[in-house]
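Notes follow once the structure below has been shown.
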Amino acid sequence: MATDFKIGLGVSDRLLILYSNKVVWFSFQDPVWGSSQTTLTGITFVGLKYFFKPTAPCFFISGGIGGSFWTPLQTTYFSESWIGSGFYCGIGYESSPHFYIEISGILGSGGSNQTDYAGKNPSSIMITLNFLLY
3 MATDFKIGLG VSDRLLILYS NKVVWFSFQD PVWGSSQTTL TGITFVGLKY
53 FFKPTAPCFF ISGGIGGSFW TPLQTTYFSE SWIGSGFYCG IGYESSPHFY
103 IEISGILGSG GSNQTDYAGK NPSSIMITLN FLLY
């Protein structure tokens, strides 16, 4: 499951500047304790969305940079969170005014405080159906 919250400003008929939080929810098997737990990975960022035409239907591209995270929902003996830097890029199609579908990839770095998960970077590909108010 994935969620994608955006708020932004249209600076022209084709360009949006936005603040967003993309989160992917998944089940993670802890390699140390063997337990399965619901885990979140995502990115909070500032980005741009560029539409190739000023009106729907049209394609668009998007991207942004910000902070990435990876954290378990349950608190266990070994349940540390990762916080680092990350970026995202996406492509999409606005089929009619206000409705669009987007495929995006997020990639983050886990930071330097990890021990057993050192060298692992949270990354996800997500497909979202969106309603855009403008």
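Residue 3 is where the sequence shown starts when you use this note's numbering, and the numbers rise one by one after that.
Ideal Cβ placement from N, Cα and C applies to all residues, glycine included.
- Ile67 and Tyr102 have their C-alpha atoms roughly 22 Å apart.
- Around the Cβ of Leu18, a 10 Å sphere holds 16 or more other Cβ atoms; the residue is buried.
- Note that the C-beta distance between Thr43 and Trp72 is below 8 Å.
- Distance check between Arg16 and each of Ser64, Gly110, Ser87 places Ser64 closest, using alpha-carbon atoms only.
- Within the same chain, Ile63, Ser64, Gly65, Glu104, Ile105, Ser106, Gly107 come within 8 Å of Gly92 by CB-CB distance, once the 5 residues on both sides are set aside.
- It is roughly 14 Å from the alpha-carbon of Tyr21 to the alpha-carbon of Tyr52.
- In terms of Cβ geometry, Ser87 and Pro124 do not form a close pair [threshold 8 Å].
- For Gly10, the enclosing beta strand (DSSP E) has its first and last residue at 4 to 12.
- No Cβ-Cβ contact shorter than 8 Å links Tyr90 with Lys8.
- Listed in chain order, the beta strand (DSSP E) runs fully inside the segment 38 to 72 are 38 to 53, counting runs of at least 3 residues.
- In the same chain as Ser98, and ignoring 5 residues on each side of it, the C-beta atoms closer than 6 Å to its own belong to Ala58, in chain order.
- Under the 10 Å beta carbon count, Met128 is surrounded by 16 or more other beta carbons and is classified as buried.
- Counted as a single uninterrupted DSSP element, the beta strand (DSSP E) harbouring Ser98 occupies residues 84 to 98.
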